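A.B. asks: Read in order, the letters of the sequence shown are residues 71 to 409 in our numbering.
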Amino acid sequence: MGDCGVKTKAVVFPEANKFEIIEVPLREMGPRDMLVETLVTAISPGTERWILFGKHLGTKFPCIPGYQRIGIVKKCGEEVKAFKVGDIVYGGGYEGGYSNIVPMWGAHIGLSVNDWTAYRFLSSSLPDQFELEALSYGIVASVATRGIRFCNVKEGEKILVIGAGFIGICAAQLALRKGAKPVLLEKDPERVEFAKKLGFNAFNVDEEDLDEKLRKYAPEGFDVLYDTAGHAKTTNRMVRHMKYQGIILLQSQYFDLERCALDLDQIKIRELTMRTTCGIRDEDWLETINYIKNRYIQINPLITHRLNYTDALEGYKMLSAGKPFNLGIIFYWSEADNI
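1. Going by alpha carbons, who is nearest to A234 out of W403, P95, F401, F395?
2. Using a Cβ-Cβ cutoff of less than 7 Å, which residues in the same chain neighbour F413 once the five nearest sequence positions on both sides are dropped?
3. Considering only their Cβ atoms, is the gap separating R216 from D354 smaller than 7 Å?
4. Tell me the rounded alpha-carbon separation between I339 and Y314.
5. Rounded to whole angstroms, what's the CA-CA distance from K286 to F273? Just pull it up for me.
6. Mind pulling the alpha helix (DSSP H) runs of 4 or more residues that sit fully within the segment 108-194?
7. Taking Q199 as part of the alpha helix (DSSP H), name the residues at either end of that continuous run.
8. Kindly indicate which three-state DSSP category P289 falls into: helix, strand or coil?
9. Could you check how far apart the C-beta atoms of G238 and T298 are, in whole angstroms? I think they sit under 8 Å.
10. Taking the beta strand (DSSP E) that N364 belongs to, which residues open and close that run?
11. With a threshold of 8 Å on Cβ separation, who are the neighbours of K266 within its own chain once the five nearest residues in sequence on each side are excluded?
12. Hey, out of E203, T108, G316, A86, whose CA is closest to F123's CA?
13. Smallest Cα separation from V81: which of W120, P132, L127, R102?
14. CB L389 to CB T374, shorter than 7 Å?
15. Quick one: give me the first and last residue of the beta strand (DSSP E) that R329 is part of.
16. So, Q243 versus I369, is the Cβ gap smaller than 7 Å?
17. State the Cα-Cα distance for the pair I171 and F83, rounded to the nearest angstrom.
18. Given a threshold of 16 other Cβ atoms within 10 Å of its Cβ, counted over all protein chains shown, does D407 qualify as buried or as exposed?
19. When you compare only the Cα positions, how much space is there between I400 and G163?
20. Could you round the C-beta distance between G208 and I113 to whole angstroms and report it? I think they count as a contact, below 8 Å.
21. Within the continuous alpha helix (DSSP H) that includes L334, where are the two ends?
22. Measuring CB to CB, does L192 end up less than 7 Å from V150?
23. Would I47 be called buried (16 or more neighbouring beta carbons within 10 Å of its own) or exposed?
24. Which residues does DSSP list as the beta-bridge partners of G226?
25. Per DSSP, what are the beta-bridge partners of H375 in this structure?
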């Protein structure tokens with residue numbers, strides 16, 4: 071199918087370390103397609119930063135980034151039976167193939183035309199603003215849900231989470247809910263303080279007495295080492311604090327083969343089990359959406375910036391520079407600001 075002649079606004083990375091808002095074409099609708107108007111999108115801090123820097127595997131420019139998007143169905147093709155006009159849905163975005171712009175999932179866009187299977191149902195009516203914002207981070211939160219499940223976290227276990235970012239804090243919340251005792255480890259002093267204000271035990275990796283503090287917290291060692299940062303030097307150091315036959319979960323990006331190499335001998339002599347996750351599955355999504363709706367996991371305190379899409383470039387400036395402090399950044403796309 072080709073360009074239908076309709077255009078919509080989108081966030082585009084024309085090349086590495088550059089971002090802009092431009093108009094892009096929509097394709098023609100087919101019988102299985104839906105036209106969806108965006109309500110809110112959320113930056114995935116890790117993935118979109120790597121795309122912006124041109125380091126994410128498979129990155130091509132120019133591209134439309136993002137995979138966290140909530141919208142409202144405006145039109146359904148004649149073969150669409152699972153959804154109706156007015157439904158609130160998650161997913162979809164720019165598909166590419168009819169311009170030189172490619173999708174790096176393509177969520178940050180005002181309108182989309184996709185096959186109906188590209189969407190997940192959220193609600194038959196518009197959620198309130200609090201819930202809408204929280205649900206926008208459904209995928210990133212689901213990554214933490216999957217990670218905690220893979221680690222089989224149990225009551226009383228001590229969990230060392232490397233990285234006090236969005237996924238790390240969500241994982242710590244879920245560990246607490248299971249009766250475990252998480253500790254967050256982070257290099258950024260502002261993130262350390264942010265995590266502490268949320269009520270978590272958090273340490274800076276550069277603290278001189280860090281090893282002593284960790285030994286005091288977990289004299290017998292940590293049951294789980296949960297890595298969301300991908301910094302091999304830190305991971306190797308923390309392996310020394312692991313309990314015999316514990317679990318290491320690798321859940322970061324590991325692009326630099328030289329810098330992300332781990333000391334397998336230290337892992338072997340402790341007989342540690344290494345696990346990885348990549349993406350999410352339907353069971354993770356459904357479980358997490360239920361967690362969010364029931365306030366089992368708290369997302370809204372992690373959203374530090376709420377912007378209209380016309381100010382989206384300010385969001386990417388913050389993401390790129392890491393300043394001012396930011397964690398969750400969302401964009402409202404409705405012309406009626408903040409709905």
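Ideal placement from N, C-alpha and C gives every residue a C-beta, glycine not left out. Because the structure is a prediction, the values reported are computed rather than measured.
C.D. replies: For this structure:
1. F395
2. Not covered by the structure: residue 413. The range shown for the chain is 71 to 409.
3. yes
4. 9 Å
5. 13 Å
6. 115-122
7. 199-206
8. coil
9. 4 Å
10. Here N364 belongs to no beta strand (DSSP E), and DSSP marks it neither H nor E.
11. A272
12. A86
13. P132
14. no
15. That residue, R329, is in no beta strand (DSSP E); it is neither H nor E in DSSP.
16. no
17. 9 Å
18. At D407 the pLDDT is 36, less than 50, meaning the model places this residue with poor confidence and gives no usable figure here.
19. 16 Å
20. The Cβ separation is near 14 Å, so there is no contact.
21. 334-339
22. no
23. A question about residue 47 goes unanswered here, because the residues of the chain that appear run from 71 up to 409.
24. G226 is not bridged to any residue.
25. I399
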